[in-house]
Amino acid sequence: MSAPSNSALARLRLPAALALPAWLKAVPWVAALATYFFAPQYAPLLTQIFIMILFAMSLDLLVGYTGIVSLGHAALFGTGAYLAGILCLRGLTDPLASALVAMAVAAAVGFAFGSLMLRTKGLAFLMLSVSSAMLLYEIANKATAITGGDDGLQGIAFSRVLGIWEFDFEGTIAFFYSLAILFLAFAFMQRLVNSPFGWSLRGIRENDLRMKAIGCQIYRRRLTAYTIAAALAGLAGALQAQCTGFVALNSLSFELSGAVLIMLIVGGSGRLYGPFFGVPIYMIAQDYLAKNDPTNWFLWQGVILLALVFFARGGLLGLAERGFLRGFGKGTE
Amino acid sequence: MNEQPILEARKLNKAFGSLTVTRDVNMSLMRGERRALIGPNGAGKTTFVNLLSGRFAPSSGSILLGGADVTRADEARRSKLGIGRTFQITSLFPQLTAHKNVFLALAETAGVGFDMLRCASSYASLHDRADQLLDQVGLSSQAETPVQRLPYGQQRLIEIAIALALEPKVLLLDEPAAGIPTAERDVILDIIEALPSDIAVLLIDHDMDLVFRFAQRITVLVHGAVLVEGSPTEIAANQDVRDVYLGEK
Numbered sequence: 001m002s003a004p005s006n007s008a009l010a011r012l013r014l015p016a017a018l019a020l021p022a023w024l025k026a027v028p029w030v031a032a033l034a035t036y037f038f039a040p041q042y043a044p045l046l047t048q049i050f051i052m053i054l055f056a057m058s059l060d061l062l063v064g065y066t067g068i069v070s071l072g073h074a075a076l077f078g079t080g081a082y083l084a085g086i087l088c089l090r091g092l093t094d095p096l097a098s099a100l101v102a103m104a105v106a107a108a109v110g111f112a113f114g115s116l117m118l119r120t121k122g123l124a125f126l127m128l129s130v131s132s133a134m135l136l137y138e139i140a141n142k143a144t145a146i147t148g149g150d151d152g153l154q155g156i157a158f159s160r161v162l163g164i165w166e167f168d169f170e171g172t173i174a175f176f177y178s179l180a181i182l183f184l185a186f187a188f189m190q191r192l193v194n195s196p197f198g199w200s201l202r203g204i205r206e207n208d209l210r211m212k213a214i215g216c217q218i219y220r221r222r223l224t225a226y227t228i229a230a231a232l233a234g235l236a237g238a239l240q241a242q243c244t245g246f247v248a249l250n251s252l253s254f255e256l257s258g259a260v261l262i263m264l265i266v267g268g269s270g271r272l273y274g275p276f277f278g279v280p281i282y283m284i285a286q287d288y289l290a291k292n293d294p295t296n297w298f299l300w301q302g303v304i305l306l307a308l309v310f311f312a313r314g315g316l317l318g319l320a321e322r323g324f325l326r327g328f329g330k331g332t333e
Numbered sequence: 334m335n336e337q338p339i340l341e342a343r344k345l346n347k348a349f350g351s352l353t354v355t356r357d358v359n360m361s362l363m364r365g366e367r368r369a370l371i372g373p374n375g376a377g378k379t380t381f382v383n384l385l386s387g388r389f390a391p392s393s394g395s396i397l398l399g400g401a402d403v404t405r406a407d408e409a410r411r412s413k414l415g416i417g418r419t420f421q422i423t424s425l426f427p428q429l430t431a432h433k434n435v436f437l438a439l440a441e442t443a444g445v446g447f448d449m450l451r452c453a454s455s456y457a458s459l460h461d462r463a464d465q466l467l468d469q470v471g472l473s474s475q476a477e478t479p480v481q482r483l484p485y486g487q488q489r490l491i492e493i494a495i496a497l498a499l500e501p502k503v504l505l506l507d508e509p510a511a512g513i514p515t516a517e518r519d520v521i522l523d524i525i526e527a528l529p530s531d532i533a534v535l536l537i538d539h540d541m542d543l544v545f546r547f548a549q550r551i552t553v554l555v556h557g558a559v560l561v562e563g564s565p566t567e568i569a570a571n572q573d574v575r576d577v578y579l580g581e582k
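So the sequences go chain by chain: A and B. If you read the first sequence in my numbering, its first letter stands for residue 1, the second for the next number, and so on. If you read the second sequence in my numbering, its first letter stands for residue 334, the second for the next number, and so on.
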């Protein structure tokens, strides 16, 4: 082996040309802050984008890294959102404490559902994931005394973040709060996917039977990934409740599960930064199309998705990656 | 006192519905033994390997590893206990680099596959070992290439590197040289011959040159049952083998 065994680059197993410069990794964060400072009126939209990035990132752990395609991920987002909302109305108004509780409960729900659903694969899993979300949706719909049913949970008012910053009407605190949470979650995900556990998830995605043959208990590994993804989705849901002060049935809907999957595919799954591109592009495009062609915007959305599937496999980041590699004439994973 | 077999199959049977593929197979593999398993197509050789490795559960019979019954242990557990294998149809992680393919096996063997707090790149000894294994199979220069871009013969070599990464007590090689060019076949032969002497190796292959060059003993399987077992000389001279396998009638 010619590569130096003790160099960080060699350990990361990336050709020198593919090692992203640190400044490039900072671009999404700087862009988010810059948008706020130059156009503070967009703070609420950016907050929504951060929350959806976190949600899409949690799904990416399943879809992109573990090869588990779920169409019911909103079940876990909604669990976090409803829990944070219900707890707030019953006195737990501290944002961080309620976020932690929401994460823990979403993780428990994910573990419970996952321990059953992950005994299946492929289409069977896909159907079960849809069923799990529908089940929770209907429970939330019927339990009006607790969830508000069709009207949703209203009148949610969280206390100050860290006892200092109060959620304001302009959405400034919500913007920084959700950005900080997203940054912490991203740092955790980065560590996770680059750990032996994260590598083993890629192995399972690539060839689960081979992973089994090298000694990996794949069910346990997949269930752990599912539970972690559930916790992160629950955190995103809790943020949604905290930043908007409202929880609607939509947070458990099939539409949301589908939309977050599309956002992930648009950006590129299995790439960590994929949601940072897919989510804003989807949300801005949706906003623009709905405004300019309200009757046909779903059609345009479909056209864009078809174009992406045919011409940008691996999403926008996949497209950029291929262009980058062509420039360097290298192969990568 | 007789030495205990490292791997033993006792009256092993496997049926898929009404089709019995393995019939009362007994086989004992001693530590460090070089054994070949031959038989015509459809004889049940790969099924037998799948039974030994834990991919299939036997319909009846038992499997002992180092004297301990592992019949109920699943494939992952048997791998941890020391049964390594390669696959007749290449089974790798196609989008991952050759290095990562081997690293994954090393991480599971070292018991760090569940570690989520430490960066994978910080496991220096495992990376060095992966480099060594790739060097051993002559693929150092391809360490950073996704295996789907490697020629078939080199993919077969990575199969062997992965199997060696498991530090097996028993290595089951299911047609390791099938379908590859002669030059690379020789490399595979050399690698198999250079395997550590304490590993028991069960080789399945249709290439009689390879089998007779490699094996100390040969088991012939026909219609899922053992026809005969013996030294290469005995097998070569056996008329039943000639009739059913070598087609000399």
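Ideal Cβ positions, reconstructed from N, Cα and C, are used throughout, including at glycine. Here the structure is a predicted model, which is why all the values come from computation and not from measurement.
- Within the model, the alpha-carbon separation for L182(A) versus I265(A) is close to 20 Å.
- Exposed is the label assigned to K344(B), since fewer than 16 other Cβ atoms lie within 10 Å of its Cβ.
- Going by DSSP, S361(B) is part of the beta strand (DSSP E) stretching over L352 to L362.
- In this chain, G64(A) is not harboured by any beta strand (DSSP E), its DSSP state being neither H nor E.
- In chain order, A431, H432, V435, S473, A476 and A494 place their CB closer than 7 Å to the CB of L467(B), counting only its own chain and leaving out the 5 sequence neighbours on each side.
- Non-local C-beta neighbours of G400(B) in its own chain, meaning closer than 6 Å and more than five positions away in sequence, comprise Q337, ordered along the chain.
- Taking the Cα of Q240(A) as reference, the smallest distance to any Cα among P44(A), F186(A) and L261(A) is reached at P44(A).
- Taking V130(A) as reference, the option from G315(A), E255(A) and L33(A) with the minimal CA-CA separation is E255(A).
- Cβ-Cβ distances below 8 Å link Y82(A) to A140, T147, L153, G237, A241, V247, S251 and L252 in the same chain, with the five nearest sequence neighbours on each side left out; the list follows chain order.
- Taken atom to atom, the span from the alpha-carbon of A457(B) to that of A463(B) is near 10 Å.
- Among the residues of chain B, none has a CB under 7 Å from the CB of R119(A); the nearest is roughly 14 Å distant.
- For the pair L370(B) and L535(B), the CB atoms are nearer than the 7 Å cut-off.
- Residue environment for D538(B): buried (at least 16 other C-beta atoms within 10 angstroms of its C-beta).
- With a cutoff of 7 Å on beta-carbon distance, T404(B) and S395(B) are scored as near each other.
- In the three-state DSSP reduction, V470(B) falls in the coil class, being neither helix nor strand.
- Contacts with chain A (Cβ-Cβ distance below 7 Å) from the region 398-422 of chain B involve E408, A409, S412, K413 and R418, listed in chain order.
- Remark: C-beta atoms of S159(A) and D94(A) approach each other more closely than 7 Å.
- In the structure shown, F349(B) adopts extended strand secondary structure according to DSSP, grouped into three states.
- A97(A) and P501(B) have their C-alpha atoms spaced approximately 49 Å apart.
- Note on Y65(A): 16 or more other CB atoms within 10 angstroms of its CB, so buried under the neighbour-count rule.
- The C-beta distance from L272(A) to V161(A) rounds to 26 Å, too long to fall under 8 Å, and the pair is not in contact.
- Boundaries of the beta strand (DSSP E) around A558(B): A558 to G563.
- In the DSSP assignment, G149(A) falls outside any beta strand (DSSP E) and carries neither an H nor an E.
- Note on N296(A): under 16 other CB atoms within 10 angstroms of its CB, so exposed under the neighbour-count rule.
- With its beta carbon less than 7 Å from one in chain B, R210(A) belongs to the interface.
- For S424(B), the nearest CB of chain A lies under 7 Å from its own CB, placing it at the interface with that chain.
- Cβ neighbours of D150(A) within its own chain (closer than 7 Å, five residues either side excluded): N141 and L249.
- Considering only A527(B), T552(B), I524(B) and S386(B), the residue with the shortest C-alpha distance to R368(B) is T552(B).
- For the options G110(A), F38(A), V105(A) and R322(A), the alpha carbon positioned closest to that of G72(A) is the one of G110(A).
- Below the 7 Å Cβ cutoff, chain A contributes I214, G215 and C216 as neighbours of E441(B), in chain order.
- The beta-carbon separation of A409(B) and G215(A), rounded to 5 Å, stays under the 8 Å limit for a contact.
- For I532(B), no alpha helix (DSSP H) encloses it, and the DSSP letter there is neither H nor E.
- Out of P484(B), S412(B) and D576(B), the CA that lies nearest to the CA of Q217(A) is found in S412(B).
- In summary, the residues of the region 481-498 of chain B whose CB is separated from some CB of chain A by less than 8 Å are R482, I495 and A498, in the order they occur in the chain.
- For L71(A), no alpha helix (DSSP H) segment is defined, and its DSSP state is neither H nor E.
- Taken atom to atom, the span from the alpha-carbon of T244(A) to that of I49(A) is near 13 Å.
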